[in-house]
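Peer 1: If you count the sequence shown from 1, you need to add 23 to reach our numbering.
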Amino acid sequence: MTFMAEISNTIQQRQSTRVRFDPNHKVSKESLMQILEATRWAPTAHNMQNFEVIVVDDKDVLKDLGEIKSRVSKIFIRENFLQLSFSEEELLRKRVGILGTNFPADWRDPAKLEEAARKSVERPLKERINSCPTLLIVIYDPGKRAPASVGDVLGFISLGCVMENIWLTAQSLGISVHILSVFSGTKVERETKKLLGIPKHMRIAFAVRLGYPVSKPVKHLRVRREVEVFAHHNRFGDNVFC
Ligand SMILES: Cc1cc2nc3c(=O)[nH]c(=O)nc-3n(C[C@H](O)[C@H](O)[C@H](O)COP(=O)(O)O)c2cc1C
Numbered sequence: 024m025t026f027m028a029e030i031s032n033t034i035q036q037r038q039s040t041r042v043r044f045d046p047n048h049k050v051s052k053e054s055l056m057q058i059l060e061a062t063r064w065a066p067t068a069h070n071m072q073n074f075e076v077i078v079v080d081d082k083d084v085l086k087d088l089g090e091i092k093s094r095v096s097k098i099f100i101r102e103n104f105l106q107l108s109f110s111e112e113e114l115l116r117k118r119v120g121i122l123g124t125n126f127p128a129d130w131r132d133p134a135k136l137e138e139a140a141r142k143s144v145e146r147p148l149k150e151r152i153n154s155c156p157t158l159l160i161v162i163y164d165p166g167k168r169a170p171a172s173v174g175d176v177l178g179f180i181s182l183g184c185v186m187e188n189i190w191l192t193a194q195s196l197g198i199s200v201h202i203l204s205v206f207s208g209t210k211v212e213r214e215t216k217k218l219l220g221i222p223k224h225m226r227i228a229f230a231v232r233l234g235y236p237v238s239k240p241v242k243h244l245r246v247r248r249e250v251e252v253f254a255h256h257n258r259f260g261d262n263v264f265c
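(1) On the three-state DSSP scale, how would you describe T157?
(2) Quick check: the Cα distance between T67 and C184, rounded to an integer number of angstroms?
(3) Among I100, R213 and S110, which residue has its Cα nearest to the Cα of K142?
(4) Three or more C-beta pairs closer than 8 Å, one from the segment 126 to 134 and one from the segment 209 to 223: is that the case here?
(5) For S238, which residues in the same chain have their Cβ closer than 7 Å to its Cβ, ignoring the five residues on either side in sequence?
(6) For the pair the segment 79 to 89 and the segment 113 to 123, tell me if three or more CB-CB distances fall below 8 Å.
(7) Hey, is R41 close to ligand 1, as in C-beta under 7 Å from one of its heavy atoms?
(8) Please report the residue range of the alpha helix (DSSP H) in which F229 lies.
(9) Can you give me the Cβ contacts of N47 inside the same chain, cut-off strictly under 6 Å, excluding the 5 residues immediately before and after it?
(10) Looking at C-alpha atoms only, which residue of F104, F229 and K167 is the closest neighbour of L136?
(11) In whole angstroms, give me the CA-to-CA distance for N153 and E249.
Laid out in structure tokens, this is it:
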């Protein structure tokens with residue numbers, strides 16, 4: 024395979040793996056170092072390198088993190104509904120968003136969304152992280168802002184570059200990845216910071232569950248818009264690529 028074909032293949036094969044990982048199948052130190060080396064070389068605005076990574080692979084620490092509880096917010100349930108497709112045909116037509124069958128029935132019925140939000144209870148994170156041998160917590164210093172970056176948008180883009188470097192490297196090493204945004208939300212972030220001794224002024228951007236699935240991940244429909252839908256030529260709306 025040519026180098027270009029390998030890169031293209033890695034980019035296209037990269038995907039979210041939400042199934043349980045084998046807690047006893049460790050991510051080797053060598054692989055971790057390769058992932059961290061790729062993180063190191065991520066582009067960041069003004070080369071601010073506004074990130075730090077906490078590698079959590081101690082079973083007791085993972086267990087403690089797993090005890091933190093989170094509750095799905097009303098706004099998440101409401102806005103999640105707007106991204107759902109209700110059949111594979113619909114998703115194939117839209118090519119954006121996700122399949123509703125991944126979510127509880129209440130979350131798919133517009134008449135029941137408010138009730139689903141009211142009924143949603145706090146659940147420990149262990150359901151998501153107990154099985155993983157390694158969790159990366161990516162944190163950032165909001166004070167390390169690129170010059171004149173209003174709303175620190177360049178800082179957030181930089182953290183996205185960090186995420187992609189981690190993800191593609193893990194993918195090329197055969198390590199599965201599951202991003203957990205839940206760590207960047209108020210309560211979970213606060214408790215995680217306390218548990219891991221993260222300095223007050225730093226924020227959590229996201230966490231990455233790394234590992235090897237216990238079962239073959241169920242094949243799910245992955246859709247993307249076609250190039251001619253999002254690429255414009257010289258002028259918005261003009262397209263000569265198709
Ligand atoms: C910034 C960001 C945050 C994400 N947060 C989550 C998350 O909290 N939970 C989750 O299961 N997937 C999360 N994902 C994964 C996306 O849902 C996923 O990339 C998208 O649906 C496309 O699917 P694919 O990764 O399998 O190609 C996140 C991805 C990104 C880029």
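In this text, a Cβ means the ideal position worked out from N, Cα and C, and glycines have one as well. These figures come from a predicted structure and were not determined experimentally.
Peer 2: Quick answer:
(1) If DSSP states are grouped into helix, strand and coil, T157 belongs with the strands.
(2) 7 Å
(3) I100
(4) no
(5) V42
(6) Because the criterion of three Cβ pairs below 8 Å is not met, the segment 79 to 89 and the segment 113 to 123 do not touch.
(7) yes
(8) Taken as a continuous stretch (DSSP letters only), F229 belongs to no alpha helix (DSSP H), being part of the beta strand (DSSP E) at R226 to G234.
(9) none
(10) F104
(11) 38 Å
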